[in-house]
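One structure is given here, and the rest of the page talks about it.
Numbering (this note's numbering), first residue to last: 2 to 393.
Here it is, written out as structure tokens:
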């Protein structure tokens, strides 16, 4: 057998790619994983200590079964490896009580979250700002505000999740090629995919493109406009005293205005000394290779002025460190999981639109099932390419 010939190749080993790789590797087929860096790394969308996970996903009821299945998979991985990937802390969602706020394409995000929690039989509470201050003194929610509390929410460790799944795939004999940049893909005569890289060529019967913000490198000019690359900044600020205690203070999301960027979210830092906070930006950038990885002092100051303001207690209003990551966003913030038009051997799995890590374990399982023609627990049809083309 040609050592560069595989049944399935996964291009990009971040959140969805590493999950897909591991799930495929359980089939006993020859599986190849390719990444232009050495995952986990700091160049894409899956780094920075923590990612929020929550079951009542206000972006849409379609996502609820996916994140529920992801929680089951994280728990199974933890039992298999002894690695603690998911920590349940509870999660808070705040609405300041002004105009209805939008997030990830969803208007009325707070009300939708409550609605989906009811429909999904997810335990939750809703209470006012006075009750919030009694329970969690870290937050200065407006008198007019309301808080949604979900006990099953918490955070994931993205770097650990990626590392663990890649290691599991290797134990199943998957071949991993890091520092290997894919320069192009072409159809093979008679079917299959020719993958051209800076480390030589590989052949595969099928390929999954899970390249995150680099997805547009594999698309035609007519398809590229469906994906927007957005630079995000993560900030770490010092906390005061025993507030924001790791493992006890809930993760939180706060919509304080009607705009998509009138928003801040955060967690206690893994070092127990800081709080990690971030907002979201939807300004389009040209390409991840040219995106600035440096954070200026002015950007840190603006975050404190506009996002932190007087909303939090027990923190120092200074930034200790900042990091840049990337969103790949579609117009409606849905994912794209579908075959490439006119190249059915290649499946695109990308554009998680800033809320994908919590879903990545189940997405990897579903993508693997689709390729291996196994039954899956939920349909990927709602994320099909044609859905995106209808947005034109």
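All C-beta atoms, glycine included, are put in the ideal place defined by N, C-alpha and C.
What residue from the options has the CA that sits closest to residue i's CA?
| i | options | result |
| --- | --- | --- |
| residue 328 | 280, 345 and 366 | 280 |
| residue 226 | 214, 233, 235 and 237 | 214 |
| residue 232 | 139, 288 and 301 | 288 |
| residue 8 | 17, 15 and 33 | 33 |
| residue 86 | 58, 118, 52 and 111 | 52 |
| residue 197 | 381, 131, 141 and 184 | 184 |
| residue 93 | 149, 363 and 201 | 149 |
| residue 89 | 263, 97 and 72 | 72 |
| residue 121 | 82, 58 and 111 | 58 |
| residue 111 | 82, 261, 201 and 219 | 261 |
| residue 18 | 308, 374 and 216 | 216 |
| residue 60 | 357, 370 and 212 | 357 |
| residue 97 | 70, 298 and 141 | 141 |
| residue 113 | 201, 135, 76 and 64 | 64 |
| residue 263 | 99, 81 and 66 | 99 |
| residue 344 | 298, 190, 242 and 201 | 190 |
Is the distance from the Cβ of residue i to the Cβ of residue j below 8 Å?
| i | j | result |
| --- | --- | --- |
| residue 209 | residue 62 | no |
| residue 319 | residue 285 | no |
| residue 68 | residue 360 | yes |
| residue 259 | residue 74 | no |
| residue 372 | residue 350 | no |
| residue 1 | residue 338 | With the chain covering only 2 through 393, there is no way to say anything about residue 1. |
| residue 238 | residue 321 | yes |
| residue 194 | residue 240 | no |
| residue 244 | residue 79 | no |
| residue 170 | residue 26 | yes |
| residue 323 | residue 235 | yes |
| residue 13 | residue 211 | yes |
| residue 394 | residue 91 | This structure cannot settle anything about residue 394, because the visible part of the chain is limited to 2 through 393. |
Quick check: what's the CA-CA separation for residue i versus residue j?
| i | j | result |
| --- | --- | --- |
| residue 274 | residue 282 | 26 Å |
| residue 145 | residue 199 | 57 Å |
| residue 124 | residue 56 | 10 Å |
| residue 253 | residue 203 | 44 Å |
| residue 221 | residue 335 | 20 Å |
| residue 192 | residue 341 | 14 Å |
| residue 137 | residue 250 | 8 Å |
| residue 265 | residue 256 | 7 Å |
| residue 117 | residue 126 | 13 Å |
| residue 15 | residue 42 | 9 Å |
| residue 388 | residue 188 | For residue 388, the predicted model reports a pLDDT of 46, less than 50, meaning its position is unreliable; a value from the coordinates is still stated below. If I take the Cα positions, the gap works out to 25 Å. |
| residue 310 | residue 303 | 10 Å |
| residue 143 | residue 133 | 10 Å |
| residue 172 | residue 206 | 22 Å |
| residue 147 | residue 154 | 18 Å |
| residue 381 | residue 375 | 13 Å |
| residue 186 | residue 219 | 8 Å |
| residue 301 | residue 278 | 11 Å |
| residue 130 | residue 326 | 32 Å |
| residue 307 | residue 174 | 50 Å |
| residue 128 | residue 119 | 16 Å |
| residue 4 | residue 224 | 33 Å |
| residue 31 | residue 95 | 47 Å |
| residue 362 | residue 384 | 16 Å |
| residue 305 | residue 66 | 36 Å |
| residue 81 | residue 290 | 37 Å |
| residue 298 | residue 201 | 42 Å |
| residue 28 | residue 242 | 50 Å |
| residue 109 | residue 115 | 10 Å |
| residue 70 | residue 54 | 12 Å |
| residue 135 | residue 346 | 56 Å |
Any Cβ of chain C within less than 8 Å of the Cβ of residue i?
| i | result |
| --- | --- |
| residue 71 | This model lacks chain C altogether; it includes just one protein chain. |
| request: Mind the definition here: the segment 32-50 touches the segment 173-188 only if three or more C-beta pairs lie below 8 Å; say whether that holds. | output: With a cut-off of 8 Å, the segment 173-188 and the segment 32-50 count as touching, because enough Cβ pairs lie within range.
| task | Decide yes or no for the touch test of the segment 268-275 against the segment 293-300: beta carbon pairs closer than 8 Å, at least 3 of them. | result | no
| query | Does the segment 18-33 come within contact of the segment 155-168, defined as at least 3 CB pairs closer than 8 Å? | reply | yes
| What runs of the alpha helix (DSSP H), each 4 residues or longer, lie entirely inside the segment 35-105? | Runs found: 65-82.
| Contact between the segment 297-316 and the segment 331-340: three or more CB pairs below 8 Å? | These segments do not touch.
| message | So within the segment 306-366, which uninterrupted alpha helix (DSSP H) runs reach at least 4 residues, ignoring any that extend past its ends? | response | Fully enclosed alpha helix (DSSP H) runs of no fewer than 4 residues are not present anywhere in the segment 306-366.
| query | Can at least three beta-carbon pairs, one atom from the segment 155-162 and one from the segment 44-59, be found at a separation below 8 Å? | reply | Taking a cut-off of 8 Å on C-beta distances, the segment 155-162 touches the segment 44-59, as three or more cross pairs fall below it.
| request: With a floor of 3 residues, list each beta strand (DSSP E) that falls wholly inside the segment 155-224, ordered by position along the chain. | output: 155-157, 176-178, 183-188, 194-198 and 201-210
| task | Run through the segment 247-313 for me and flag every whole beta strand (DSSP E) of 3 or more residues, listed as ranges in chain order. | result | 252-256, 264-269 and 275-279
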